[in-house]
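Undergrad:
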């Protein structure tokens, strides 16, 4: 997917690198793109996960949970600091559609990564699998026992 959005230059470069990592299924360099205080807003949790370590853990896990993942559309905010990426994927036998809403700082680092998913059956399948794989780590990141 080419990136010809009206993003701020640094944000555009980060988005290009994000797409490259997704294309090869390797997010090992993701920490380079994350602001230290990056926040992940999950479709399954009301309270966001706050830290680059949390965002890295969650995104590196979800790329192993999603099957047949593909981005379809990209929309940028007027100020060029935000992008919305529409995607589709499968979790087991459940199809889902969703959006990634990503905010970048002036240096192009990801400061906020919010995900929305539909339908409910796809969201439930995603939540169950992510919980199975990450429950103890996510509880620790939020500072509470699993």
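Numbering (our numbering), first residue to last: 30 to 175.
Each residue gets a CB set at the ideal place from its N, CA and C atoms; glycine is no exception.
If you're wondering where the values come from, they're calculated on a predicted model, not measured in any experiment.
With residue 127 and residue 112 assumed to form a contact (beta carbons below 8 Å), what rounded beta-carbon distance in angstroms separates them?
TA: The Cβ separation is near 14 Å, so there is no contact.
Undergrad: My assumption, with CB atoms under 8 Å, is that residue 155 sits in contact with residue 68. Please give the rounded CB distance.
TA: Actually they do not touch by this definition, with Cβ atoms about 19 Å apart.
Undergrad: Hey, how far is the Cα of residue 35 from the Cα of residue 134?
TA: So the two alpha carbons sit approximately 15 Å from each other.
Undergrad: Please classify residue 71 as buried or exposed, where buried requires at least 16 other C-beta atoms within 10 Å of its C-beta.
TA: So residue 71 counts as buried.
Undergrad: Identify the continuous beta strand (DSSP E) that holds residue 115 and give its terminal residues.
TA: Looking at the DSSP string, the run of the beta strand (DSSP E) that includes residue 115 is 111-120.
Undergrad: What are the boundary residues of the alpha helix (DSSP H) that includes residue 165?
TA: Unbroken alpha helix (DSSP H) run through residue 165: 149-170.
Undergrad: Take the Cβ of residue 84 as the centre, count every other Cβ of all protein chains shown within 10 Å, and call the residue buried at 16 or more, exposed below.
TA: Buried, because 16 or more other Cβ atoms sit within 10 Å of the Cβ of residue 84.
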